[in-house]
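Chemist: According to the numbering used here, the first sequence is numbered sequentially starting from 75. C-beta atoms are modelled at their ideal positions from N, C-alpha and C, and glycine is treated no differently. Model, not experiment: these values are computed from the prediction.
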Amino acid sequence: MPELPEVETVVRGLGKLLPRQTIKTVEVLSAKSFLKATGLTEKPAAIEGLKIRSLSRRGKGIIIHLTRDYCLLIHLKMTGQLVYIEKDAKKRLNYGHPDANFLESMPSSHTRVFLRLTNGVLYFNDQRRFGYVKLTREELLDSDPFIKRLGIEPLSLEFNSKFLAGLARRRARSNIKATLLDQSGVVGVGNIYADEALFDAKVQPTRLGDSLSPTEITRLTKSVKKVIALGIKYSGTSLTHYKTGEGAQGKMQNHLKVYGRTGLPCTVCKTPIKKIRTAGRGTHYCPSCQK
DNA sequence: TGCCCCCTGCAG
DNA sequence: CTGCAGGGGGCA
Numbered sequence: 075m076p077e078l079p080e081v082e083t084v085v086r087g088l089g090k091l092l093p094r095q096t097i098k099t100v101e102v103l104s105a106k107s108f109l110k111a112t113g114l115t116e117k118p119a120a121i122e123g124l125k126i127r128s129l130s131r132r133g134k135g136i137i138i139h140l141t142r143d144y145c146l147l148i149h150l151k152m153t154g155q156l157v158y159i160e161k162d163a164k165k166r167l168n169y170g171h172p173d174a175n176f177l178e179s180m181p182s183s184h185t186r187v188f189l190r191l192t193n194g195v196l197y198f199n200d201q202r203r204f205g206y207v208k209l210t211r212e213e214l215l216d217s218d219p220f221i222k223r224l225g226i227e228p229l230s231l232e233f234n235s236k237f238l239a240g241l242a243r244r245r246a247r248s249n250i251k252a253t254l255l256d257q258s259g260v261v262g263v264g265n266i267y268a269d270e271a272l273f274d275a276k277v278q279p280t281r282l283g284d285s286l287s288p289t290e291i292t293r294l295t296k297s298v299k300k301v302i303a304l305g306i307k308y309s310g311t312s313l314t315h316y317k318t319g320e321g322a323q324g325k326m327q328n329h330l331k332v333y334g335r336t337g338l339p340c341t342v343c344k345t346p347i348k349k350i351r352t353a354g355r356g357t358h359y360c361p362s363c364q365k
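1) Under DSSP, the beta strand (DSSP E) around Ile159 begins and ends at which residues?
2) Going by DSSP, what residue range makes up the alpha helix (DSSP H) through Glu101?
3) Count the other CB atoms, across all protein chains shown, that sit within 10 Å of the CB of Lys317; report buried if there are 16 or more and exposed otherwise.
4) Taking just the CA atoms, how far does Thr292 sit from Ser235?
5) Taking its Cβ as the centre, do 16 or more other Cβ atoms sit within 10 Å of Leu119, making it buried, or is it exposed?
6) My guess is that Arg127 and Leu140 are in contact by the Cβ rule of under 8 Å, so how many angstroms apart are they, rounded?
7) With a floor of 4 residues, list each alpha helix (DSSP H) that falls wholly inside the region 109-197, ordered by position along the chain.
8) If we call anything under 8 Å between Cβ atoms a contact, is Gly324 one with Ser312?
9) If Leu21 sits next to Leu156, beta carbons under 8 Å apart, how far is it from one beta carbon to the other, in whole angstroms?
10) If I measure Cβ to Cβ from Ser183 and keep anything under 6 Å in the same chain, skipping five residues before and after, which residues do I get?
11) For Pro79 versus Gly334, is the C-beta distance shorter than 8 Å?
12) What would DSSP say about His315, mapped onto helix, strand or coil?
13) Taking the alpha helix (DSSP H) that Ile350 falls in, what are its first and last residues?
14) Excluding sequence positions up to five away, which residues of its chain have a Cβ less than 6 Å from the Cβ of Tyr206?
15) Is it buried or exposed, Cys363, if we count other Cβ atoms within 10 angstroms and call 16 or more buried?
16) Is Arg142 buried or exposed, if buried means 16 or more other CB atoms sit within 10 Å of its CB?
17) Between the alpha carbons of Phe237 and Leu294, how many angstroms are there, rounded?
18) Beta carbon of Lys134, beta carbon of Arg94: below 8 Å?
19) Please report how far the alpha carbon of Val301 lies from the alpha carbon of Lys161, in whole angstroms.
20) What's the gap between the Cα of Pro279 and the Cα of Ser179?
21) Looking at the unbroken alpha helix (DSSP H) that takes in Tyr267, where does it start and where does it end?
22) Locate the alpha helix (DSSP H) running through Gly225, then write down its first and last residues.
23) By DSSP's criteria, Asp366 is part of a beta bridge. Which residues make up the other side?
24) Which residue marks the beginning of the alpha helix (DSSP H) containing Thr336, and which one marks its end?
25) When we look at the beta-carbon of Thr289 and count the other beta-carbons within 10 Å, is it buried (16 or more) or exposed?
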């Protein structure tokens, strides 16, 4: 579910609320959802008494840095949520508001792990159990099997048209959409933002890497940066599961041009948006604007 | 470099 | 009931 803008929103939000708090207790309701880095034998309770120092993000992964060089690497995958509820917050909720209803339902049947902190509770919910909370250590992060495969950040200076041209050349016979989704190249782009970026760049998702002109590569590079930045600006896309760290809805769903708009008129040319299957995923595009 | 799969729930 | 869902690991 969450792509870079959603994960970044959660990290920024919780990064203001959690640091300096102590982990009082750890509750693991689904053993499958709590992993340990290879070599670590500690039980979940080993982090009880430690403090949260800071939060950071690597690709679509969330890292909660703890004292004594421990950390939690959290991946939300498709349906994960990481939501903090301050003590007594429920009393202050505006009854009937969708965010209030959601917060009131915590812990829910999908809560897999939760941490009782000094001033509140941090819930990890995950309907499909694809995601995880992994106990690890600072010195083990770079060799983590997930982290070590990650490529570069889309909003960084290293991600430029030269870099994307190189990626497309290396994956000459792959769909450009598959290349955007591959986290070993550029990180953080998922199904929504890939479709949105390709629409913005006026490039068909099924175009092969070696068929893109330099102009198209340049456009697509800018479009990736543009839609990712827009997603962050609007606190992410809430379609079904995604919530911010405070349990609120994102707003980017109101600004999507093609994703989830099958059959609706293109915002530019009114041609109905088409949905196909590419790279194993539902893919939305305008057959007229995108060449 | 593509596919199947992990798992659960919802819409058609 | 089948198919599909913001991800990505493991396997040809």
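Modeler: Taking the coordinates as given:
1) In the first sequence, the residue the question calls residue 159 occupies position 85. Note, Ile159: beta strand (DSSP E), Gly154 to Glu160.
2) Start at 1 with the first residue of the first sequence, and residue 101 comes out as number 27. Looking at the DSSP string, Glu101 is not in any alpha helix (DSSP H); the run it does join, the beta strand (DSSP E), is Ile97 to Val102.
3) In the first sequence, counting from the first residue as 1, residue 317 sits at position 243. Under this definition Lys317 is a buried residue.
4) For the purposes of this step, residue 235 is taken as the residue at position 161 of the first sequence. For the purposes of this step, residue 292 is taken as the residue at position 218 of the first sequence. C-alpha separation (whole angstroms): 5 Å.
5) What you label residue 119 is simply residue 45 of the first sequence in a count that begins at 1. Checking the sequence shown, residue 119 turns out to be Ala, not Leu. By the neighbour-count rule (16 or more Cβ atoms within 10 Å), Ala119 is not buried but exposed.
6) Along the first sequence, read from residue 1 onward, the residue named residue 127 stands at position 53. Along the first sequence, read from residue 1 onward, the residue named residue 140 stands at position 66. That pair is a contact at about 6 Å.
7) 172-178
8) As a working mapping, residue 324 is identified with position 250 in the first sequence. As a working mapping, residue 312 is identified with position 238 in the first sequence. Taking 8 Å as the Cβ cut-off, Gly324 and Ser312 qualify as a contacting pair.
9) Because the chain here runs from 75 to 365, residue 21 falls outside it and cannot be looked at.
10) In the first sequence, the residue the question calls residue 183 occupies position 109. Same-chain partners within the cutoff: there are none.
11) Translated into positions along the first sequence, residue 79 becomes position 5. Translated into positions along the first sequence, residue 334 becomes position 260. Contact flag unset, no.
12) For the purposes of this step, residue 315 is identified with residue 241 of the first sequence, where counting begins at 1. Residue state, collapsed to three classes: coil.
13) One-based indexing of the first sequence puts residue 350 at position 276. Here Ile350 belongs to no alpha helix (DSSP H); instead the beta strand (DSSP E) covers Lys348 to Thr352.
14) Mapped onto the first sequence, residue 206 falls at position 132. Same-chain partners within the cutoff: Ser107, Leu109 and His149.
15) Against the first sequence, residue 363 aligns to sequence position 289. By the beta-carbon neighbour count (other beta carbons within 10 angstroms, threshold 16), Cys363 is buried.
16) Locating residue 142 in the first sequence gives position 68, where the first residue counts as 1. With fewer than 16 Cβ atoms within 10 Å of its Cβ, Arg142 is classed as exposed.
17) The sequence position of residue 237 within the first sequence is 163, counting from 1. The sequence position of residue 294 within the first sequence is 220, counting from 1. Cα-Cα distance, rounded: 12 Å.
18) Looking up residue 134 in the first sequence gives position 60. Looking up residue 94 in the first sequence gives position 20. Against a cut-off of 8 Å, the Cβ pair of Arg94 and Lys134 comes out as no contact.
19) On the first sequence, position 227 is the one that residue 301 refers to. On the first sequence, position 87 is the one that residue 161 refers to. Between Val301 and Lys161, the C-alpha separation is close to 36 Å.
20) As a first step, residue 279 is located in the first sequence; it is residue number 205 there, counting from the start. As a first step, residue 179 is located in the first sequence; it is residue number 105 there, counting from the start. About 39 Å.
21) On the first sequence, position 193 is the one that residue 267 refers to. From DSSP, the alpha helix (DSSP H) with Tyr267 extends over Asn265 to Asp274.
22) Looking up residue 225 in the first sequence gives position 151. No alpha helix (DSSP H) contains Gly225, which DSSP labels as neither H nor E.
23) The structure shown does not extend to residue 366, since the chain spans only 75 to 365, so no value can be given for it.
24) Sequence index remark: in the first sequence, residue 336 carries index 262 (1-based). Unbroken run through Thr336: none, as it is neither H nor E.
25) Locating residue 289 in the first sequence gives position 215, where the first residue counts as 1. Thr289 is exposed by the Cβ-count criterion.
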